[in-house]
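Inspection log for the structure reproduced underneath, given as structure tokens.
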Amino acid sequence: MGGGQNQKARPGAKSESGSGVPKNWPPGIVYLHEPCYSKLLHHDATAAVLFPRSDLASTEQPRKIKGPCPVVRITPISVSSHPANGQYGLFASQRLPPDSFILPYIGYVHGPADLDDSSDYDLSLDRELGIGVDASKMGNEARFVNDYRGVAAAPNAEFRHIFVDVGKGRVEKRMGVFVLSAGKSGKRAKGIERGSEILVSYGKGFWTERSGPDS
């Protein structure tokens, strides 16, 4: 990403690299309260994720979000069998009900022009326009959500689109982490218990790319 030379914050966005960040936040990673936009994003791409609230579908309800997130905690992983042993995971600091919103996935919003193919933290925001959110160098607590493979039998959370009220009559399209629904059989009716790791599925494509001869 060119050492940050192509980055710009949305007006009013806040970022921190020192005090005021969540416990166990790693040094060298910028903590963001709001997304940071690439200067290389063309107007159509920016307009697709940041637009007047009047353009939002009536079925959507914009959220008001502030960080750090009080319902999660970043925790070092010290279980030898865990794929992320020696790194970090994101754990629930209280019980999280099924289908409930946990937190947004915040990072560097970019297009194809400054895609970092080596990043393990790049999440698609708009596939049609090739817009992604990369949290490798900057982001929030959601960057520590691990894949369920090798940890649990199934994920307990998933990514979904959300819309955030950013003031001045505008809303912002983001990705959010949600607890999975209880399911038709009710197997997930407990949601995520306090102290449990929040786990998603990165998708088979993520692991296929990392199982080649150079991995």
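Counting in UniProt numbering, the sequence shown runs from 1 upward without gaps.
Beta carbons are placed, not taken as given, at the ideal position from N, Cα and C, and that holds for glycine.
The model shown is predicted, which means the values in this text are computed figures rather than measured ones.
Inter-segment contact for the region 137 to 148 and the region 74 to 93 is present: three or more beta-carbon pairs are separated by less than 8 Å. Collapsing the DSSP output to three states places Asp134 in a strand. Following the DSSP letters along the chain, one finds Ala157 inside the beta strand (DSSP E) bounded by residues 157 to 167. For Val49, the enclosing alpha helix (DSSP H) has its first and last residue at 43 to 49.
In terms of CA proximity to Val179, Pro97 leads the group Ser136, Pro97, Lys39. Assignment of beta-bridge partners to Leu125 by DSSP yields no partner. Nearest to Tyr37 by C-alpha distance, out of Val49, Thr75, Pro27, Val71, is Val49. If you look at Glu172, you'll find it in the beta strand (DSSP E) that goes 170 to 179. Taking a contact as a CB-CB distance under 8 Å, the pair Val177 and Ile102 counts as one, their CB atoms being some 5 Å apart.
Nearest to Ile106 by alpha-carbon distance, out of Leu125, Leu115, Ala113, is Leu125. If you compare the alpha carbons of Gly191, Ser100, Phe51 with that of Glu172, the shortest gap goes to Phe51. Under the DSSP definition of a beta bridge, Arg63 partners with Val164.
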